[in-house]
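Right, one structure below, let's go through it.
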Amino acid sequence: MKQMQNTDYEYLKKRIKDMEPAVENPEELTRSILDKIMELSVRKKTDKRLLFTTWLSSVAAIFLLFLLGHETLSGDMTGNDTTSAGMVVIPEVHDISAGIVSDMDYSEKSEVFFSVVKSWRSDRIKREKQINKIKDLLVSGCNNGF
Numbered sequence: 089m090k091q092m093q094n095t096d097y098e099y100l101k102k103r104i105k106d107m108e109p110a111v112e113n114p115e116e117l118t119r120s121i122l123d124k125i126m127e128l129s130v131r132k133k134t135d136k137r138l139l140f141t142t143w144l145s146s147v148a149a150i151f152l153l154f155l156l157g158h159e160t161l162s163g164d165m166t167g168n169d170t171t172s173a174g175m176v177v178i179p180e181v182h183d184i185s186a187g188i189v190s191d192m193d194y195s196e197k198s199e200v201f202f203s204v205v206k207s208w209r210s211d212r213i214k215r216e217k218q219i220n221k222i223k224d225l226l227v228s229g230c231n232n233g234f
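Structure, rendered in structure tokens:
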């Protein structure tokens, strides 16, 4: 059965190869081919515009991210911060006054910023350890019959 299908397939394939294409109107065929080529060249121009627009928007986004980072690290680190509820939160002061911060360069500000974050993190870890010790004492006290 498969061999019969293969022979039919081979026969049809050979017959199609042997046929010459019949062109009824060669001028129209040539014109339609040239029109398709022109459409492709117009599409490439619009693709170039799209690529340029994409490139320009990515450059603008990178610039805005850089500006945001610069403003974050160069702002007043001792100023008051407001939360979304409008409450004023006064951060801890770490031996830095506003005048000193304004005289620092970018690397000094980032070093101070990251040292403050590191100290906050270590304080939080200490508090978590103390809370865990208290919980352990409460659990062991409950188990001993208190």
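Just add 88 to the spot in the sequence shown (first one is 1) and you have the numbering used here. Don't be surprised by glycine CBs; every beta carbon is placed ideally from N, CA and C.
Look at the alpha carbon of residue i and the alpha carbon of residue j, and state the distance between them as a whole number of angstroms.
i: E216; j: I222; result: 10 Å
i: R137; j: E159; result: 33 Å
i: F201; j: C230; result: 44 Å
i: L117; j: A149; result: 48 Å
i: L153; j: I125; result: 42 Å
i: S145; j: R103; result: 56 Å
i: K101; j: Q93; result: 12 Å
i: V147; j: L155; result: 12 Å
i: L128; j: R119; result: 14 Å
i: F151; j: L139; result: 18 Å
In terms of residue numbering, what span does the alpha helix (DSSP H) encompassing residue i cover?
i: E196; result: Y194 to N231
Please classify residue i as buried or exposed, where buried requires at least 16 neighbouring CB atoms within 10 angstroms.
i: I219; result: exposed
i: Y99; result: exposed
i: D169; result: In this predicted model, D169 has a pLDDT of only 49, less than 50, meaning its place in the structure is not dependable enough to derive any value.
Determine the closest residue to residue i out of the options, with distance taken between C-alpha atoms.
i: S162; options: S146, L152, T95 and D193; result: D193
i: N113; options: L155, I121 and M107; result: I121
i: G157; options: D123, E127 and S195; result: S195
Does residue i get closer than 9 Å to chain B when you measure Cβ to Cβ?
i: F154; result: Absence of chain B from the displayed structure is noted, only one protein chain being present.
Using a threshold of 8 Å, is the CB atom of residue i nearer than that to any non-hydrogen atom of the ligand FMN?
i: E98; result: Annotation note on the ligand FMN: not contained in the displayed structure, which lists no ligands.
Alpha helix (DSSP H) runs wholly inside the stretch 91-134, at least 4 long, in chain order: none
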